[in-house]
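Here the structure comes first, spelled out in structure tokens, and everything after it is commentary.
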Amino acid sequence: MTGKTIPNKVKLQINTTGAWRDVLRFCTHDVDTDLVQQAAANMVLHADSSGNTTLRLATDDGRNTALIRWDMKKGWVEA
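Taking our numbering, the leading residue of the sequence shown gets 74, the next gets one more, and so forth.
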């Protein structure tokens, strides 16, 4: 991930039609966040040729604060 400090509990979200939806929640101390990011981006790259799908890692604390975002043009960038 980027140099930004991320909280312990986060969630991967996907946006295909204008609304963010949860894909999975995980603990950053137990899971390799970089692998989750790579897997999610690869899934979208192989399954969605439209280029409209976006991803993000957000806090899992009720606020859903975006930490990093992904799209086909820019890849993963800080939110």
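Backbone N, C-alpha and C define an ideal beta-carbon position, used for all residues, glycine too.
>> So, under 8 Å CB-CB, L130 and V83 are touching, yes? Tell me the CB distance rounded to an integer number of Å.
In response: Within the sequence shown, numbered from 1, the residue matching residue 130 stands at position 57. Within the sequence shown, numbered from 1, the residue matching residue 83 stands at position 10. Yes, L130 and V83 are in contact; Cβ-Cβ is about 5 Å, under 8 Å.
> With C-beta atoms as the reference, is D133 less than 8 Å away from R98?
Replying inline: The residue you call residue 133 lines up with position 60 of the sequence shown. The residue you call residue 98 lines up with position 25 of the sequence shown. Cβ distance < 8 Å, so D133 and R98 count as in contact.
> What three-state label does DSSP hand V109 in the structure shown?
Replying inline: On the sequence shown, residue 109 is found 36 positions in, with the first residue counted as 1. DSSP places V109 in helix when its eight states are reduced to three.
> Does DSSP put N88 in a helix, a strand or coil?
Replying inline: Reading the sequence shown from its first residue, position 15 is the one you call residue 88. It is a strand residue.
> From this set, T101, D103, L108, V117, which residue's C-alpha is nearest K146's C-alpha?
Replying inline: Here the question's residue 146 lines up with position 73 in the sequence shown. Of the candidates T101, D103, L108, V117, the one whose C-alpha sits nearest the C-alpha of K146 is V117.
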